[in-house]
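In this note's numbering, the protein residues as written are 2 to 519.
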């Protein structure tokens, strides 16, 4: 007689504190994992990157961690410890937050931030420097504040005394100089000011005019080194590889659990005075970057700090759910494929976390709730029960391959088309178009129209655009070209994000969403 095997799926509705634990056998040991942990592990495993996560609901004390003690390149997340230490020193009378600091050319730093574009002689207060270090991730402000907290060694000594293993490893210009030295050993001994000037030359940033007098005589040859097309490609490849794989090129070494603990100290007002902790939370809530990450899908305040480069997308912060604050740290290094998609996934993780701890703030779709609260054995049944009648269809125009990354150009769900990020690749060869910003953007728009046409849509169907600019000096040119393509009203909603670098050395990446007109 044939034996019949039955698989029974049971869905349990549990509160966060009643959540079922799943026992996973690992050799002779067993490790208990909650449904939330398992669901978040599954979500993190979908990232085309190395990831880490730490979550703590400060009301209940419930923690969730996935690879939370693993070291990651912090990028600008390391600016949180600099901010904390600055406020502590102010309380000790060792730092005057009202002191004005006159910025000279030698003080400016390339990359993110606004001070590099201001007239020389601007004199912000120390408090202004801290604010811009957080909300625009200003590298000029960061270098000034690193000096004012005693330098890298003093900051690290304080971190060690405070029980943290995280460390600041380089100032921004220091790891940039190391990367430049790989192109030409003569550049290993250049000053911070010369490093900044060469970075502007490398990216064709107009701010370089301010530094041109530095590069005369024998030093003029340095410009040929950094402007060589071969060296530019090498520099981008080195940055993408070494800033993930080689700790010598990291800005800082952090783990998700420790930066989460520091954020908890800011929220509980134990790491500095209550007044200064409130100021730090205010600064973090004014964050201008990363709107597509932790805050993207949660309609509540988020105090957070991002850490970016061409293939690093970190975001850590405090989500103010109605039930109480939730600390969350998501570290993402080595992004492959669409950077915008990685950002969206960070937003989805935040959405899952808030839905779990406080459904009244953000009810989750039934499939997600079942996966979160009942564990992985139920997710298939729940997903089948709650599946949308709209079917997903991949949009892949014939012969169209503008990138070598593993992705689909577009996904059509019902009447909504989600387009992958585009960085101006030739659709036949997959190589980035040469010639600078304008050729790249026009190639992007041509590629977008190709994908839209394959879905029987046009630019008039685009409802949302997110632009990632490697150089904010390109913003005016971006707007000018943009208005040539988007001419009909209503115009799409749009966000513009400044990033340190983009894959393949691109100047621009665009992601879009379109809805077919009925």
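Idealized CB from N, CA, C, for every residue including glycine.
In the three-state DSSP reduction, residue 403 falls in the coil class, being neither helix nor strand. If you draw a 10 Å sphere on the C-beta of residue 341, you find 16 or more other C-beta atoms in it, and that means buried. Judged by DSSP in its simplified three-state form, residue 486 adopts helix. A direct Cα-Cα distance of roughly 10 Å separates residue 43 from residue 67.
The segment 312 to 326 makes contact with the segment 343 to 355; the number of CB pairs closer than 8 Å reaches 3 or more.
Note that the C-beta distance between residue 324 and residue 60 is below 8 Å. Per DSSP, residue 442 is one residue of the alpha helix (DSSP H) stretching across 438 to 455. Every unbroken stretch of the alpha helix (DSSP H) spanning 4 or more residues and falling wholly within the segment 63 to 142 is given here in chain order: 80 to 92 and 127 to 136.
Judged by DSSP in its simplified three-state form, residue 191 adopts coil rather than helix or strand. Straight-line measurement puts the Cα of residue 170 at about 44 Å from the Cα of residue 487. Taking C-beta separations shorter than 8 Å and ignoring five residues to either side along the sequence, the partners of residue 261 in its chain run 55, 56, 57, 69, 317, 328, 329 and 330, following chain order. Put simply, the backbone Cα of residue 89 is about 13 Å away from that of residue 146. The alpha carbon of residue 494 has as its nearest neighbour, out of 514, 477 and 399, the alpha carbon of 514.
Closest option to residue 425, judged by alpha-carbon separation, among 154, 417 and 447: 447. Around the beta carbon of residue 189, a 10 Å sphere encloses fewer than 16 other beta carbons of the protein chains shown; the residue is thus reported as exposed. With contacts defined as CB atoms closer than 8 Å, residue 197 and residue 111 qualify as a contacting pair. About 7 Å separates the Cβ atoms of residue 268 and residue 282, confirming a contact at the 8 Å cut-off. With at least 16 other beta carbons inside 10 angstroms of its own, residue 469 counts as buried.
Residue pairing by DSSP places residue 314 opposite 309 in a beta bridge. Residue 59: not part of any beta strand (DSSP E); DSSP gives it neither H nor E.
Of the candidates 77, 135 and 194, 135 places its Cα closest to the Cα of residue 127.
Contact between the segment 213 to 223 and the segment 232 to 246 is absent, with fewer than three C-beta pairs closer than 8 Å. With a cut-off of 8 Å on Cβ pairs, the segment 451 to 462 is not in contact with the segment 472 to 479, counting fewer than three such pairs. Taking a C-beta distance under 8 Å as the contact criterion, residue 150 and residue 272 do not qualify as a contact pair. At the C-beta level, residue 310 and residue 501 come within 8 Å of one another. Collapsing the DSSP output to three states places residue 235 in a helix. Residue pairing from DSSP places residue 334 in a beta bridge opposite 51 and 313. Inter-residue distance for residue 177 and residue 204 is about 13 Å (C-alpha atoms, whole angstroms). Secondary structure of residue 177 (DSSP, three-state): helix. In the DSSP annotation of this structure, residue 470 is not part of any alpha helix (DSSP H); the continuous beta strand (DSSP E) holding it starts and ends at 463 to 470. Secondary structure in the segment 253 to 299: the beta strand (DSSP E) runs of 3 residues or longer, each lying completely within the stretch, are 253 to 255 in chain order. Spanning the alpha carbons of residue 397 and residue 403 requires a straight line of approximately 11 Å.
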